[in-house]
Every structure is written in C-alpha cells, then in structure tokens.
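Numbering (full-length UniProt numbering), first residue to last: 1 to 499. Glycine included, each C-beta is placed from N, C-alpha and C at the ideal position.
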C-alpha cells in the first residue's frame, strides 16, 4: 500500500507540474521515504480539528502534498536553528575558558604580576590522604567497633612493652599470682560509681585489660608506698594518671581483689626525628580562636593581631578555630544579620588576602575547631574546612588534628584543649624515679583521654572508631613531631627541661 501511496504522491506532483505549479518530488528533495511521508500526512490529518475519530481517509490531493512539504520545511529550519545555537554555545564556552586562562588576578601593574609569580618562601608538606577518608560518616559508630579499637590499642602497647623491657609474657591483672608480673591496661574510674567520668582519686583507680590479655576485666589498683617509676622523665618525682591512659605495671594480685603495684614502667615513645640535611630558617606565628569578645562579632582581637602581623610578617601564619564560634552568645541566640559564610568572608577572607598582598611570600595555614559553625564535620578527628572562599595557593586548609612539615621541620597541631582536659582529670602518683630518661612527650596521641569528661564533652565529640587520625606517629610520620602546638586556656608558663 505504501508503494502505491508513494506512486500517488509522485503522480500528484507530476499532475501539479502540468498545471504550472512547482511540481517536485517531495520524497526525493527532502530525503523522505514513502512510509515517513505517509505518517507525516496521517499526523497532520489527525492533528486537524476537522478530523473525526474513525472517519474515512480523504483522497490525497496537491493541497495535502503542500501541507506535508511545509511541515518538512519547518523541521529542516528547526534542525538548522538548533545546530546554529549549539555551535554558538560551543564558541562561547571556548571564549569563556580562554578568558579565564588569560585573566590576570585583581590588581594592576606589578601587583598583578607578583600575585601570579610569587610563591611562599618555605616548603610545606602534609601527608597525602584521601579527603573522603577524613570526612567519614559520623554517628554510625558501633559499640563492637569501639571496643575493638580500644582493645587493639592496649594490645599494641603490650607488644611494645614486651620488646622494650624484654618481657616474655604479659600477665592478667585479675588472676591471682604469687610472683610479680607485668600487666598492660587502660586506667579508668570505678565502673560502679554514679559518675563514671569523675576525677581519679587514690582509692578509685582501676585498670582495664584487653579481652586477649585479661578478658576485659577491671581491677582496682593499690600503689605501694615504695613505688618505683622506671623510665620516667629526668627530674620528675611523680607520674600523671588519667582515664584513658595506657600503662604498664609490675606487681601482683594476691587474691585480695586488687592488683598491688610495685613499679610503673614508662611506655616507649616515638623516636625524635633527625636533623634536616638542608634546614632553612623561618619564622612562624600562631593564634587560636575565638577571635572576638562575647559581647559582639566585631573581631577586634583578630584585627589587632593582623595589624601587628602586617608590621612584622612571619614566614608562616597558623590560625586555628573556632573562627565563627557556635557557642558565641549572639550566634546561639540568633542575633546576627549575616549568614556565617558572609561573616567569615568579611572578617577573615578579606583581611588575610590583604595580609598576603603586604607579605606575598608568607604561607597561611587554617585549621578548624569542633565549635566552628562553618564546619559540617563536628567530630574529632575532624576534616579540614569545606566551601570556604579561598583561591590563593598560599592559603592551606589542614585537618584537626594535623601533622605537617615546614622546611623539613615536623609539626603537630590541634585546636582541642587537651592540656586543660588532662589537667582537669589527672591524678599525680608519687614515686621514686629509676633509670630516668631525658624529658620527652608522655602522651602518644593528640587526645589520649577516654571517655571524654562529661563537663567537657561539648568541646570534643570523640569518634573512637577513627582514632587512627589522633596518633602522633602517623603512617607518614613515624617520628614524634619536632614541635607540638597545643593551644590552651591554662596560664602560660616556661620551664627549662634540658641543659
């Protein structure tokens, strides 16, 4: 039928040409088959308001052929118009891209050229780690995962103690023994106490073993009057104990329901790094938030700091949060007229950009805080700030806590006040120092406390299952940091430990 229909179309066209009309073969000129021509005519016929459902198909005439031709012409025009628009859009994208590449930074003359060519005067290195690993999903922590991580930490230190002190086997503090044994466990409070996070006291100090070493039991500790502190820092006459600290003890459980401690064995610390072969001197300034008073959001303290730094710019500027404190009275009450992003841009981005114009060879490091309202990851360890309007390569965003190196000098930093937290929970156990060692760090992690004290829980949301990010001896840094930066509300002090 379709072949006959195409014959009819051709006949109509020839007949039309005999009458002086522009007779052409529509199928040939527009590269349309007879089938497609038929369906176009059918669509036009059924699209007409005069067509009735089930009505008999009318005789195909020259007028019908002309309507199909008009339809085909419109389709060709629409196709060409679409192709032209796509071509113009492609050209516009290429021009825009070329404009961005050629576009100079803000400023004119030598300033614009300096912004392109100037690099920091120091070398900066930070462990290469996938940001998605640091920005983990929180509030998905399982109790089984927490217990496994806590046990693994005890077992890990147990192996270090065995190797360091040449101990064949570690004992179980809950098992009765007639001879002294070496045990490793975590210091904790009385599990039956009404306040499990209360400060340690002499009669309420417990040792929790791992499931592998002692079935996870908790045993009360009793310290001997002739207690020895082996491997303690030189000049110390006591050692600090706090909930969460992993300790190695020598003593015995005589069956009285407690473990009698005769000696505390200091745990081996990460070894210090070696002197950099090509050390280049640099200056560094550090500040920690909050950067404004509780009465306003004018950030007068931060402005005064930047004014001082502009007169004497350091090679490196480290700024730790909170930048916009979620605990600020005006933020908590909602008495602000700007969104946090605009406050951050006006109070921090613009002053820091001005500082880099005055000191183009400086490097700026920004680390977040748990209380930063700009951070969408308010857990510890915490990933770096996201969606902040910095495009300058001289401004680096670092996580919390962070390990990095400047001119091959390694640093460790965190915005959590771990010094105050430990001091708030610490119990000093006196003893006689045996085999003293040079003063060194006694804490192998950025946050060794566990659990977080109840009255300080608003300052740190600890995620135990991701505590690998809290290690001082991270995979990329097997040595202790040369400089450990720990801001604190404690009163400043200085103490000479090495002569």
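Annotated three-state conformation of residue 165 is helix, per DSSP. A direct Cα-to-Cα measurement between residue 387 and residue 119 gives close to 23 Å. The alpha-carbon of residue 471 is positioned some 9 Å away from that of residue 401. Nearest in C-alpha terms to residue 227, of all of 192, 265, 336, 449, is 265.
Short of 7 Å from the beta carbon of residue 461, and not among the five residues preceding or following it, lie these beta carbons of its own chain, in chain order: 370, 378, 379, 380. Per DSSP, the beta bridge partners of residue 411 are 404, 483. In the three-state DSSP reduction, residue 27 falls in the helix class (H, G or I). Counted as a single uninterrupted DSSP element, the beta strand (DSSP E) harbouring residue 320 occupies residues 316-320. DSSP places residue 234 in the coil class of the three-state scheme, outside both helix and strand. By the Cβ rule, the segment 405-417 counts as touching the segment 477-496, because three or more pairs are nearer than 8 Å. Between residue 324 and residue 373, the CB-CB gap stays under 8 Å. Contact check for residue 161 against residue 267 passes: the beta carbons are separated by less than 8 Å. Between residue 252 and residue 180, the C-beta gap is smaller than 8 Å, which places the two residues in contact.
Linking residue 468 to residue 404 through their CA atoms gives a straight-line distance of about 16 Å.
Counting C-beta pairs with one atom in each stretch, the segment 283-292 and the segment 313-322 have three or more that are closer than 8 Å, which means they touch. In the three-state DSSP reduction, residue 170 falls in the coil class, being neither helix nor strand. Taking the CA atoms as reference points, residue 223 sits about 6 Å from residue 260. In this structure, the alpha-carbon of residue 231 lies about 19 Å from that of residue 154. Going by beta carbons, residue 316 and residue 365 fall inside the 8 Å limit. When 64, 212, 140, 174 are compared, the shortest CA-CA separation from residue 148 is found for 212.
Counting only residues of its own chain and dropping the five nearest sequence neighbours on each side, residue 262 has a CB closer than 6 Å to the CB of 224, 250, 251. One thing to note: residue 216 has its Cβ no nearer than 8 Å to the Cβ of residue 184. Classified as buried, residue 463 has 16 or more neighbouring CB atoms from the shown chains inside 10 Å of its CB.
With respect to the C-alpha of residue 280, the residue from 121, 235, 341, 26 having the closest C-alpha is 121.
At the C-beta level, residue 27 and residue 37 come within 8 Å of one another. Counting of Cβ neighbours within 10 angstroms places residue 234 among the exposed residues, the total staying below 16.
In the three-state reduction of the DSSP assignment, residue 297 falls in the coil class, being assigned neither a helical nor a strand state. Beta-carbon to beta-carbon, residue 427 and residue 205 are separated by about 7 Å, close enough to satisfy the 8 Å threshold. Contact between residue 71 and residue 40 holds, since their C-beta atoms are separated by about 6 Å, short of 8 Å. By the neighbour-count criterion, in which 16 or more other beta carbons inside 10 Å mark a residue as buried, residue 43 falls on the exposed side. Here residue 325 carries a strand assignment [DSSP, helix/strand/coil]. Contact between residue 393 and residue 345 is ruled out by a C-beta separation of about 19 Å, above the 8 Å threshold.
Residue 83 and residue 67 have their alpha carbons spaced roughly 25 Å apart. Closest by C-alpha distance to residue 258, out of 219, 282, 495, is 219.
Distances from the CA of residue 132 to each of 382, 307, 487, 420 were compared; the closest alpha carbon is that of 382. In the structure shown, the three-state DSSP call for residue 398 is coil.
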